[in-house]
Amino acid sequence: MTSALRPKTVGVMGSGKQPWTELAAPLGRALALAGYHLLTGGGQGVMTSVSEAFCAVPQRIGRSIGVVPTEAVGEDGAAPTFRPLPGYPNPFVEVPVVSPLPRHLPDAPAGTLSRNHINVLSSDVIVALPGHHGTRDEVGLAVHYGKPVILFGECEHFADMPASLVRTISLDTVMNFVRTAR
0 MTSALRPKTV
10 GVMGSGKQPW
20 TELAAPLGRA
30 LALAGYHLLT
40 GGGQGVMTSV
50 SEAFCAVPQR
60 IGRSIGVVPT
70 EAVGEDGAAP
80 TFRPLPGYPN
90 PFVEVPVVSP
100 LPRHLPDAPA
110 GTLSRNHINV
120 LSSDVIVALP
130 GHHGTRDEVG
140 LAVHYGKPVI
150 LFGECEHFAD
160 MPASLVRTIS
170 LDTVMNFVRT
180 AR
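Position 49, counted from 1, in the sequence shown is what numbering that gives the first Met the number 0 calls 48; the numbers after and before it change by one each time, with no gaps.
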């Protein structure tokens with residue numbers, strides 16, 4: 000729930016491999032200029048390109064937040080500690096949220112908790128760029144939990160997403176959706 004005292008947190012989900020810079024960079028700049036916080040999974044691909052553009056905006060109000068997957072380390076019998084997986088967080092994450100929850104695996108049973116739950120539940124609105132099974136899971140969780148979600152990119156990249164969701168290639172449409180989402 001946002002208030003006049005706290006800017007919206009916009010979760011941007013998408014490929015961890017492909018940066019989709021033509022979508023992610025303008026989106027990151029627009030979110031920063033609008034005064035929002037940015038939340039990603041803290042990794043590579045879309046997460047890096049949107050965060051880099053977001054952080055490049057001088058005197059922005061919002062912060063770049065990354066929900067970082069970890070691995071347990073420790074000696075036998077000792078309580079484990081968790082360290083970020085290699086490649087996490089990317090250099091543009093200002094606020095890392097270290098989660099012991101695993102990354103979503105494609106063959107995970109329905110209802111299995113993952114860090115995707117944190118990504119979705121900590122966001123006020125979700126913007127999904129093209130991605131794979133993790134992005135599909137996050138969009139599904141957003142729908143399940145009643146979070147506003149918009150798909151940003153060419154329609155063919157979202158063929159397996161719920162038909163009821165708005166699909167657009169227009170940054171203006173995305174920003175209007177983010178601004179008016181409740």
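Every residue, glycine too, gets a C-beta built ideally from N, C-alpha and C.
Closest by C-alpha distance to residue i, when choosing among the options
{"i": "V9", "options": "I64, P99 and T111", "result": "I64"}
{"i": "Q17", "options": "V49, V142, V138 and L4", "result": "V49"}
{"i": "W19", "options": "K146, A52, G34 and H36", "result": "A52"}
{"i": "T179", "options": "V142, K146, P101 and E155", "result": "K146"}
{"i": "A29", "options": "V126, G15, L120 and A162", "result": "V126"}
{"i": "L22", "options": "R102, I168, R181 and K7", "result": "I168"}
{"i": "G44", "options": "D136, P161, L164 and P129", "result": "P129"}
{"i": "K7", "options": "T47, A33 and S14", "result": "A33"}
{"i": "G27", "options": "R59, R102 and L4", "result": "R59"}
{"i": "A24", "options": "F157, F151 and E155", "result": "F151"}
{"i": "T47", "options": "V173, G15, H132 and H116", "result": "G15"}
{"i": "D136", "options": "L4, R114 and A78", "result": "R114"}
{"i": "L84", "options": "V72, V138, F91 and V119", "result": "V72"}
{"i": "R102", "options": "P90, H116, F91 and V92", "result": "H116"}
Alpha helix (DSSP H) segment containing residue i, residue limits
{"i": "V56", "result": "Premise fails: V56 is in no alpha helix (DSSP H) and is neither H nor E."}
Buried or exposed by the 16-neighbour rule on C-beta atoms within 10 Å, applied to residue i
{"i": "P105", "result": "exposed"}
{"i": "L38", "result": "buried"}
{"i": "V165", "result": "exposed"}
{"i": "G61", "result": "buried"}
Where the beta strand (DSSP E) through residue i begins and ends
{"i": "L100", "result": "Per DSSP, L100 belongs to no beta strand (DSSP E) and is neither H nor E."}
{"i": "F151", "result": "V148 to F151"}
Three-pair Cβ contact test at 8 angstroms for the segment 65 to 79 versus the segment 97 to 112: Contact between the segment 65 to 79 and the segment 97 to 112 is present, because at least three Cβ pairs lie under 8 angstroms.
Beta strand (DSSP E) segments (min. 3 residues) lying fully within the segment 106 to 135: Counting only runs of 3 or more, we get 124 to 127.
In chain order, each alpha helix (DSSP H) run of at least 4 residues that lies wholly inside the segment 23 to 54: Fully enclosed alpha helix (DSSP H) runs of 4 or longer: 45 to 54.
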